[in-house]
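Engineer:
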Amino acid sequence: MARTTRGQGQWALGYREPLNPNERSKRDNDPLTVRERIEKIYAPGGFDSIDPADLRGRFRWYGLYTQRAAGIPGGKTALLEPEELDARYFMLRVRTDGGSMTSEQLRVIAGISTEFGRDTADVTDRQNVQLHWIEIESMPEIWRRLEAVGLSTTEACGDSPRVILGCPLAGVLHDEVLDASDAVRDVVERYIGDPQFSNLPRKFKTSISGCSEQCTNHEINDVAFVGVHNEDGEAGYDVWVGGGLSTNPHFAQRLGTFVRPDQVTEVWAGVISVFRDYGYRRSRNHARLKFLVADWGTEKFREVLEKEYLGYALPDGPLPDMPASPQRDHVGVNKQSDGRYAIGFAPSAGRVSGTILTKVAELADTYGKGRIRSTAQQKLVILDVTDVDGLTRELAELDLQVKPSVFRRGTMACTGIEFCKLAIVETKQRAQQLYGELERRLPEFDTPVTINVNGCPNSCARFQTADIGFKGSMVRNERNESVEGFQVHLGGQLGADPQFGRKFRGLKVTADELPDYCERILRGYLDRREDGETFAK
Ligand code: SF4
1 MARTTRGQGQ WALGYREPLN PNERSKRDND PLTVRERIEK IYAPGGFDSI DPADLRGRFR
61 WYGLYTQRAA GIPGGKTALL EPEELDARYF MLRVRTDGGS MTSEQLRVIA GISTEFGRDT
121 ADVTDRQNVQ LHWIEIESMP EIWRRLEAVG LSTTEACGDS PRVILGCPLA GVLHDEVLDA
181 SDAVRDVVER YIGDPQFSNL PRKFKTSISG CSEQCTNHEI NDVAFVGVHN EDGEAGYDVW
241 VGGGLSTNPH FAQRLGTFVR PDQVTEVWAG VISVFRDYGY RRSRNHARLK FLVADWGTEK
301 FREVLEKEYL GYALPDGPLP DMPASPQRDH VGVNKQSDGR YAIGFAPSAG RVSGTILTKV
361 AELADTYGKG RIRSTAQQKL VILDVTDVDG LTRELAELDL QVKPSVFRRG TMACTGIEFC
421 KLAIVETKQR AQQLYGELER RLPEFDTPVT INVNGCPNSC ARFQTADIGF KGSMVRNERN
481 ESVEGFQVHL GGQLGADPQF GRKFRGLKVT ADELPDYCER ILRGYLDRRE DGETFAK
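Using the numbering used here, the letters of the sequence shown map in sequence onto residues 1 to 537.
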């Protein structure tokens, strides 16, 4: 039965009084105003000059999170005061909409990592590049450098329209439905940093893609525009709303409309406006668009969108095709429509460095036309390549694998306890060790498998949609000691028959047991599989 929508703080129903401290903070001071304070007050004044409401709230609108103070073990965070958890350093997310970067832009990001970020960097599964160890004093210079090459950190985090996912091969993929690059660019140029969408109930994740492999995972975005051909053969988009993971996962649902490419921006603005005005603001745990869509259903959502925001009815449209392969990452050698090649490669569970990114930028200039893309699977792609072998060889020297093992290719890890204040366990190193062990123990394993390692229930690395999903938690070892470990979720998948991985009652493994556990279930599959059976099916 639908929950009542009254009393959830929806602006459209007249609830303008903030119902929690986050809502009050946004109402009292538009988070976009914090940029000026960082430049004028906090950067000159240093960490101790920062107002806590800005530090732990509004900073996010510019991609800044305080980093976790070193040495605080998992499971202890709830017992600490916020300031005990804060390092005096920041994680900084650089917005790369559609995963699109030029070599010049990547060089600038890489330079910031080496000069201001202790040479660490992560390629995230939202196609951002995330830097660490950033000091507030450096931010004006960092923004100056980023903006000089057309990059930004605006609304990279916060209750705002986050980075827009797009196919890394948009415009060159030989069998794409359509090239969504212009649509991504148009939404960014018109609406990112616009105060009319800077106070949303929660974050808002978008995907706009014409990729035939569905590489941007439209099923788990707040709004997704998915390339389709209508019955007249015209290319446009099918619109999905209300997807999201975290602690209460929902798959997005189709509105059943057909949207022409020139309508994407206004339909996107309509959907985000519905969220802003009707989204639930009472409890942050219940504020994502998925809860509104679940309560309303798609019929009502579409009616409100059309009548109150667009002012016209959209035509019905067809379902998109779902890819046959569960691998949606463009890793390997992909032939472009112009005869050149897009070379996708796997870093180590998303972890790179400024030094490596500088070299990737050089390789993109040497072997291509200086175009680099990030993927929604923590991978990178260099476009426009002719000498595939030469580039593959040079990437391998950097431990960037064009033909990675199925384990390395299929493993993702979130930020984890190294930097994330919400983390319960370490993830990046464990994921790297895990795929390394599995490569050694199961060299014969030849079928795609996804293993997603997460440091807490927030599911930044999507444990519910992996074949083997790990959710960080404290568990008891054989000596009954509380140690880092994982709750196991098995059998998650996206695509034509999407399902969330099932949590097996009591199935928890200690971090040390990860390789043994994975080996056991992967060997079980090898021993019992029938002809043509993939691990997922
Ligand atoms: Fe941090 Fe949890 Fe997200 Fe991992 S899943 S990055 S630990 S919030």
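All residues carry an ideal CB built from backbone N, CA and C; glycine is no exception.
Should LEU434 be listed as close to the ligand FMN, given that the test is whether its C-beta is under 7 Å from any heavy atom?
Structural biologist: You won't find the ligand FMN in this model; what it holds is the ligand SF4.
Engineer: Output the boundary residues of the beta strand (DSSP E) element that contains MET474.
Structural biologist: 468-476
Engineer: To which residues of the same chain is THR124 closer than 6 Å at the C-beta, ignoring the five residues directly before and after it?
Structural biologist: GLN130
Engineer: Write down the C-beta distance between THR66 and LYS421 rounded to the nearest angstrom, noting that I regard them as a contact closer than 8 Å.
Structural biologist: At roughly 7 Å, the Cβ-Cβ gap stays under 8 Å, so THR66 and LYS421 are in contact.
Engineer: Determine the extent of the alpha helix (DSSP H) in which GLY390 is found, giving its start and end residues.
Structural biologist: 388-397
Engineer: Rounding to the nearest angstrom, what Cα-Cα distance links GLU308 and ASP30 in this structure?
Structural biologist: 25 Å
Engineer: Does TYR382 come out as helix, strand or coil in the three-state DSSP assignment?
Structural biologist: It should be noted that the sequence gives Ile, not Tyr, for residue 382. Strand, per DSSP.
Engineer: Output the boundary residues of the beta strand (DSSP E) element that contains TYR237.
Structural biologist: For TYR237, the enclosing beta strand (DSSP E) covers residues 235-241.
Engineer: Can you give the beta carbon distance from THR216 to VAL239, rounded, assuming they're within the 8 Å contact cut?
Structural biologist: So it is not a contact: roughly 14 Å between Cβ atoms.
Engineer: Starting from ASP122, trace the beta strand (DSSP E) both ways and give me its first and last residue.
Structural biologist: 121-123
Engineer: The ligand SF4 heavy atoms versus the CB of SER459: any closer than 7 Å?
Structural biologist: Because some heavy atom of the ligand SF4 lies under 7 Å away, the Cβ of SER459 counts as near it: yes.
Engineer: I want to know whether the region 230-238 touches the region 156-165 - three or more CB-CB distances under 8 Å.
Structural biologist: no
Engineer: Using DSSP with H/G/I as helix, E/B as strand and the rest coil, what is GLY256?
Structural biologist: In the structure shown, GLY256 adopts extended strand secondary structure according to DSSP, grouped into three states.
Engineer: I need the straight-line Cα distance from GLU437 to PRO515, nearest angstrom please.
Structural biologist: 6 Å
Engineer: Going by beta carbon distance, what residues of the same chain come within less than 6 Å of ASN556, once the five residues before and after it are set aside?
Structural biologist: Residue 556 cannot be examined here, being either before or after the span of the chain that is shown, 1 to 537.
Engineer: Using three-state DSSP, classify LEU165 as helix, strand or coil.
Structural biologist: strand
Engineer: Please confirm if CYS518 has its CB atom under 8 Å from at least one CB of chain B.
Structural biologist: Although the question refers to chain B, the structure presented lacks it and comprises just one protein chain.
Engineer: Please work out which residues of its chain come closer than 6 Å, Cβ to Cβ, to THR411, disregarding the five sequence neighbours upstream and downstream, and give them in chain order.
Structural biologist: ALA349, ALA431, TYR435 and ILE451
Engineer: Taking only heavy atoms of the ligand SF4 into account, decide whether any of them is closer than 7 Å to the Cβ of THR427.
Structural biologist: For THR427, the Cβ falls inside the 7 Å cut-off from some heavy atom of the ligand SF4.
Engineer: Hey, which unbroken runs of the alpha helix (DSSP H) at 4 residues or more fall wholly within the region 76-126?
Structural biologist: 82-85 and 103-116
Engineer: Under the three-state reduction of DSSP, which class applies to ARG351: helix, strand or coil?
Structural biologist: strand
Engineer: Look up VAL360 in the DSSP assignment and give the residues it is bridged to.
Structural biologist: Beta bridge pairing from DSSP links VAL360 with no other residue.
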